[in-house]
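Peer 1: First the structure, which I've put down as structure tokens, then a few questions once you've had a look.
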Amino acid sequence: MFFFIFFSSFLLKANQYNSLKMVSGLESFKSESKKKKEMSLAEQASYTLINVPTDAEPPSELQLRQELEKGDVKMKINALKKTIQLILNGEKMPSLLMIIIRFVMPLHDHTIKKLLLIFWEVVPKCHADGKLLQEMILVCDAYRKDLQHPNEFIRGSTLRFLCKLKEPELLEPLMPAIRQCLEHRHSYVRRNAVLAIYTIFRNHDFLIPDAPELIAKFLEEEHDMSCRRNAFMMLIHADQEAALNYLSSCIDQVNSFGDILQLVIVELIYKVCHANPSERARFIRCIYNLLNSSSPAVRYEAAGTLVTLSSAPTAVKLMEFLGDQNELAAADVLVFVHVHAPAGAMQKLVTADGTYASQSAFSTITQTKKEERPPLRQYLMNGDFFAGAALATDLTKLALRYIQLTDDVKKQNKFVADSMLIMSTIIHLGKSGLPSKPITDDDVDRIAICLRVLADKAPLMSEIFNAQCRESLSVMLAAKVEEEKAQMKAAEKKSVKIQADHPISFTQLTSRNELGTTENMFELTLSQALGTTGKKEADSATSSKLNKVTQLTGFSDPVYAEAYVNVNQYDIVLDVLVVNQTADTLQNLTLELANQK
1 MFFFIFFSSF LLKANQYNSL KMVSGLESFK SESKKKKEMS LAEQASYTLI NVPTDAEPPS
61 ELQLRQELEK GDVKMKINAL KKTIQLILNG EKMPSLLMII IRFVMPLHDH TIKKLLLIFW
121 EVVPKCHADG KLLQEMILVC DAYRKDLQHP NEFIRGSTLR FLCKLKEPEL LEPLMPAIRQ
181 CLEHRHSYVR RNAVLAIYTI FRNHDFLIPD APELIAKFLE EEHDMSCRRN AFMMLIHADQ
241 EAALNYLSSC IDQVNSFGDI LQLVIVELIY KVCHANPSER ARFIRCIYNL LNSSSPAVRY
301 EAAGTLVTLS SAPTAVKLME FLGDQNELAA ADVLVFVHVH APAGAMQKLV TADGTYASQS
361 AFSTITQTKK EERPPLRQYL MNGDFFAGAA LATDLTKLAL RYIQLTDDVK KQNKFVADSM
421 LIMSTIIHLG KSGLPSKPIT DDDVDRIAIC LRVLADKAPL MSEIFNAQCR ESLSVMLAAK
481 VEEEKAQMKA AEKKSVKIQA DHPISFTQLT SRNELGTTEN MFELTLSQAL GTTGKKEADS
541 ATSSKLNKVT QLTGFSDPVY AEAYVNVNQY DIVLDVLVVN QTADTLQNLT LELANQK
């Protein structure tokens, strides 16, 4: 680990707080005239070190220049790849910039076009003082030509590349061409144009201040679902009120939208209703309708949102999913459905003459006898074909063992044929529609494997079914016994990890009054996936930095020191604040860092 420690001065005067210059983040541009950037070491482009084969030396800058200038298309492709590799390894190569602009950029080969996008992404575009290179003006003109290229995929890839640019000087001349891409005939260009506009508006809003109005108008006229999804997603983050107005205007057509757009709509409705519970009545009907969507993902998200936002009895409609033929879908519903029908309040019944109504406790109940069936057949008719799969496995083991014990081939074939007939009959029953639930694919696969084993009669399969299966069962039972013993020992310790009065929060059981105080489900799951659960959205950049401040000395020491730690891959940047608390001037002050194990 390398430590980079930056000190502005070691001369500390009395009663003066001489702090060091902190490593600042990338400042947002407040005006077009403010073009100078201040980037910290931790926020500069991180290059990937690629290993060069030892049997070949890396090409020199002169060799690359000759290949890029005088080589054919294939040589230029290889030279451009090597140049990108060297730049990623930290080489500057400023002399190759103009060579590539003159001899490589005019080519129309699509492979070169793709490599150039990678090259312009990694190549340094500014001087050491932060001013833009003069050669980038020519590159900007090449961007504009690619945005007007007749090939839609070159246009789309260029738009995706512009999402990664951070220099507003390069983006400003391209804004008219980016706007024109919103009207292109191909959906690939239009949806990438929306992404480019969203990224530019988020980073440099002064370049396209009317982006929300432009995208809102585009959304009303667009018919492609992927384009509408990107546009709607931008409005959610840029102008949520415009997104709500669009949703209100087409709320009756939501069921006809694609699943990618429906998922975004569900997320927006949840966020709006979570922040403003009074909006539930406006959009809850839309969530009900999405329960009938053809996409399982949309139905799942709509069901979770419905149970979270609504405690009305109509939310029990979700229980209809339990009748789905897919057992996995029904199991997913059971995970978050906790519906309990409250019992009605008991009260005394009064008749017309003023007396209390009474009822005899010895009421007779007429019982209807169900059709009596054998237990195994009853399981199969109820749709429990797991018992049928277990029966097929047992029959297979019995048949293989019978073959080993009996030498009569005729008896062997008869026993095997009877077993295979029973298995095939179970599969036929499961697919006939007579049982309450059809047979699952897993049970069909298990029974089919047993049929295949009996048809082949391979010695290896006989060994697996008769010997190895029993050994596996013994190992599993032994492991189960050990696990139960470990659990019993752990229970004897009586260690209280959670207090008895610690509340348990069930999102699905949260009352409507407490809904506004709960966390946002989408933000919570996203923070859990990113590993930042403890952070809050309201934390500013200053508060997040203060959380990383480490105190090095005590407050009563003559010299107080604290450090802000910033970790970037393998580099640790320390921004140290040293304060002289004495009345004397201290010179030649030394800060020693020791490793604490």
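With the first letter of the sequence shown counted as 1, position 153 gets the number 153 in full-length UniProt numbering; the numbers rise by one all the way through.
Even glycine gets a Cβ: it sits at the ideal position worked out from N, Cα and C.
Everything numeric in this text was worked out from a predicted model, so none of it was measured.
I'd like the ranges of any alpha helix (DSSP H) spanning at least 4 consecutive residues and lying wholly in the stretch 178 to 233.
Peer 2: Runs of the alpha helix (DSSP H) inside the stretch 178 to 233: 187 to 203, 211 to 221.
Peer 1: Can you list, in chain order, the residues of its chain whose CB lies under 8 Å from that of Thr-83, leaving out five sequence neighbours each side?
Peer 2: Reading the sequence shown from its first residue, position 83 is the one you call residue 83. Cβ within range, chain order: Leu-64, Leu-68, Met-93, Leu-96, Ile-100, Phe-119.
Peer 1: Which two residues bound the contiguous beta strand (DSSP E) that contains Asp-575?
Peer 2: Locating residue 575 in the sequence shown gives position 575, counting from the first residue. Residues 571 to 580.
Peer 1: In this structure, how does DSSP classify Thr-590 when only helix, strand and coil are distinguished?
Peer 2: For the purposes of this step, residue 590 is identified with residue 590 of the sequence shown, where counting begins at 1. Residue state, collapsed to three classes: coil.
Peer 1: Can you have a look at Asp-146 and say buried or exposed, based on whether 16 or more other CB atoms are within 10 angstroms of its CB?
Peer 2: Taking the first residue of the sequence shown as position 1, residue 146 is located at position 146. By the neighbour-count rule (16 or more Cβ atoms within 10 Å), Asp-146 is buried.
Peer 1: Looking at the unbroken alpha helix (DSSP H) that takes in Asn-466, where does it start and where does it end?
Peer 2: Here residue 466 corresponds to residue number 466 of the sequence shown, with the count starting at 1. Careful: Asn-466 lies outside any alpha helix (DSSP H) and carries neither H nor E.
Peer 1: According to DSSP, simplified to helix, strand and coil, what is Ser-19?
Peer 2: The residue you call residue 19 lines up with position 19 of the sequence shown. Bear in mind that the predicted position of Ser-19 carries a pLDDT of just 35, short of 50, making it too unreliable to give a figure here.
Peer 1: Exposed or buried, what is Arg-280 when buried is set at 16 or more other beta-carbons lying within 10 Å of its beta-carbon?
Peer 2: Position 280 of the sequence shown, counted from the start, is the residue given in the question as residue 280. Classification of Arg-280: buried, given that the 10 Å Cβ count is 16 or more.
Peer 1: What distance in whole Å lies between the Cβ atoms of Ile-449 and Ile-426, which are believed to be in contact at a cut-off of 8 Å?
Peer 2: Walking along the sequence shown from the start, residue 426 turns up at place 426. Walking along the sequence shown from the start, residue 449 turns up at place 449. That belief does not hold up - the Cβ atoms of Ile-426 and Ile-449 are roughly 13 Å apart, past 8 Å.
Peer 1: Let me know the secondary structure DSSP gives His-338 once reduced to three states.
Peer 2: To locate residue 338, count along the sequence shown from 1; it is residue 338. Bear in mind that the predicted position of His-338 carries a pLDDT of just 42, short of 50, making it unreliable; the figure below should be weighed with that in mind. In this structure, His-338 counts as coil in the three-state DSSP scheme.
Peer 1: So what does DSSP say about Val-567, is it helix, strand or coil?
Peer 2: Your numbering for residue 567 matches position 567 in the sequence shown. Val-567 falls in the strand class under three-state DSSP.
Peer 1: Could you check which residue in Lys-166, Glu-152, Leu-117 has the C-alpha nearest to that of Ala-142?
Peer 2: Counting from one through the sequence shown, the residue named residue 142 turns up at place 142. Considering only alpha carbons, the answer is Leu-117.
Peer 1: CA-CA distance, Asn-413 and Thr-396?
Peer 2: The sequence position of residue 413 within the sequence shown is 413, counting from 1. The sequence position of residue 396 within the sequence shown is 396, counting from 1. Going from the Cα of Asn-413 to the Cα of Thr-396 covers about 13 Å.
Peer 1: Could you check if Tyr-270 is buried or exposed, using at least 16 other CB atoms within 10 Å of its CB as the buried criterion?
Peer 2: For this step, residue 270 is matched to residue 270 along the sequence shown. Result: buried.
Peer 1: Among residues of its own chain, excluding the 5 on either side of Thr-582, which ones have a beta-carbon nearer than 6 Å to its beta-carbon?
Peer 2: Residue 582 sits at position 582 when you count from the first residue of the sequence shown. Cβ within range, chain order: Pro-558.
Peer 1: Within a Cβ cutoff of 7 Å, which residues of the same chain sit near Ile-208, ignoring the five residues on either side of it in sequence?
Peer 2: Position 208 of the sequence shown, counted from the first residue, corresponds to residue 208. Excluding residues within five positions, the ones whose Cβ falls inside 7 Å are Met-175, Ile-197, Ile-200, Phe-201.
Peer 1: Ordered along the chain, which non-local residues of its own chain (more than five positions away) have a Cβ less than 7 Å from that of Ile-215?
Peer 2: In the sequence shown, counting from the first residue as 1, residue 215 sits at position 215. The answer, listed in chain order, is Val-194, Ile-197, Ala-231, Met-234, Leu-235.
Peer 1: Inspect the beta-carbon positions of Ala-389 and Val-416 and report whether they are closer than 9 Å.
Peer 2: The sequence position of residue 389 within the sequence shown is 389, counting from 1. The sequence position of residue 416 within the sequence shown is 416, counting from 1. It is not a contact, given that the beta carbons lie outside the stated cut-off.
Peer 1: Roughly how many angstroms lie between the CA atoms of His-110 and Ile-154, to the nearest whole one?
Peer 2: Here the question's residue 110 lines up with position 110 in the sequence shown. Here the question's residue 154 lines up with position 154 in the sequence shown. If I take the Cα positions, the gap works out to 8 Å.
Peer 1: Going by the CB atoms, is the gap between Leu-591 and Val-579 shorter than 9 Å?
Peer 2: Locating residue 579 in the sequence shown gives position 579, where the first residue counts as 1. Locating residue 591 in the sequence shown gives position 591, where the first residue counts as 1. Not closer than 9 Å, so no.
Peer 1: Below 8 Å CB to CB, which residues in the same chain sit around Val-264 once its five sequence neighbours on both sides are set aside?
Peer 2: Taking the sequence shown and counting its residues from 1, the one referred to as residue 264 is at position 264. Excluding sequence neighbours, Val-264 sits near Arg-229, Phe-232, Met-233, Ile-236.
Peer 1: Would you tell me roughly how many angstroms separate the C-alpha atoms of Lys-70 and Gln-134, rounded to the nearest one?
Peer 2: What you label residue 70 is simply residue 70 of the sequence shown in a count that begins at 1. What you label residue 134 is simply residue 134 of the sequence shown in a count that begins at 1. Each residue's alpha carbon lies about 24 Å from the other.
Peer 1: Just to confirm, are Ile-251 and Cys-286 a CB contact at a threshold of 9 Å?
Peer 2: Numbered from 1 along the sequence shown, position 251 holds the residue referred to as residue 251. Numbered from 1 along the sequence shown, position 286 holds the residue referred to as residue 286. In this structure, Cys-286 lies closer than 9 Å to Ile-251 by Cβ.
Peer 1: Across which residues does DSSP place Thr-550 in a beta bridge pair?
Peer 2: As a working note, residue 550 is residue 550 in the sequence shown. Answer is Ala-563.
Peer 1: Are the Cβ atoms of Leu-159 and Val-189 separated by less than 9 Å?
Peer 2: For the purposes of this step, residue 159 is identified with residue 159 of the sequence shown, where counting begins at 1. For the purposes of this step, residue 189 is identified with residue 189 of the sequence shown, where counting begins at 1. Contact flag set, yes.
Peer 1: By how many angstroms is the C-alpha of Ala-387 removed from the C-alpha of Met-381?
Peer 2: Here residue 381 corresponds to residue number 381 of the sequence shown, with the count starting at 1. Here residue 387 corresponds to residue number 387 of the sequence shown, with the count starting at 1. Met-381 and Ala-387: Cα-Cα distance of roughly 11 Å.
Peer 1: Applying the 10 Å Cβ sphere with the 16-neighbour rule, what's the burial state of Ala-594?
Peer 2: Residue mapping note: residue 594 aligns to position 594 of the sequence shown, counting from 1. With fewer than 16 Cβ atoms within 10 Å of its Cβ, Ala-594 is classed as exposed.
Peer 1: Going by C-alpha distance, which of Val-254, Leu-171, Ser-187 is nearest Asn-151?
Peer 2: Within the sequence shown, the letter at position 151 stands for residue 151. When only C-alpha atoms are compared, the closest one is Ser-187.
Peer 1: Use the C-beta contact count for Glu-222: other C-beta atoms within 10 angstroms, 16 or more gives buried, fewer gives exposed.
Peer 2: Looking up residue 222 in the sequence shown gives position 222. Glu-222 should be labelled buried.
Peer 1: What are the boundary residues of the alpha helix (DSSP H) that includes Ile-427?
Peer 2: The residue labelled residue 427 in the question sits at position 427 within the sequence shown. That run of the alpha helix (DSSP H) goes 409 to 432.
Peer 1: Tell me, which residues are paired with Leu-132 by DSSP?
Peer 2: As a position in the sequence shown, residue 132 is number 132, starting the count at 1. DSSP, once it has assigned bridges, lists Cys-126 as partnering Leu-132.
Peer 1: For Ser-157 versus Lys-217, is the C-beta distance shorter than 9 Å?
Peer 2: Residue mapping note: residue 157 aligns to position 157 of the sequence shown, counting from 1. Residue mapping note: residue 217 aligns to position 217 of the sequence shown, counting from 1. Against a cut-off of 9 Å, the Cβ pair of Lys-217 and Ser-157 comes out as no contact.
Peer 1: Rounding to the nearest angstrom, what Cα-Cα distance links Ala-479 and Ser-256 in this structure?
Peer 2: The residue you call residue 479 lines up with position 479 of the sequence shown. The residue you call residue 256 lines up with position 256 of the sequence shown. For Ala-479 and Ser-256, the distance between alpha carbons rounds to 53 Å.
Peer 1: Please report the residue range of the alpha helix (DSSP H) in which Asn-289 lies.
Peer 2: Translated into positions along the sequence shown, residue 289 becomes position 289. Looking at the DSSP string, the run of the alpha helix (DSSP H) that includes Asn-289 is 280 to 290.
Peer 1: Is the beta carbon of Asn-289 less than 9 Å from the beta carbon of Val-254?
Peer 2: On the sequence shown, residue 289 is found 289 positions in, with the first residue counted as 1. On the sequence shown, residue 254 is found 254 positions in, with the first residue counted as 1. Yes, Cβ-Cβ distance for Asn-289 and Val-254 is below 9 Å.
Peer 1: Could you check whether Met-420 and Ala-455 sit closer than 9 Å to each other, using their CB atoms as the reference points?
Peer 2: Here residue 455 is taken as the residue at index 455 of the sequence shown, counted from 1. Here residue 420 is taken as the residue at index 420 of the sequence shown, counted from 1. It is a contact, given that the beta carbons lie within the stated cut-off.
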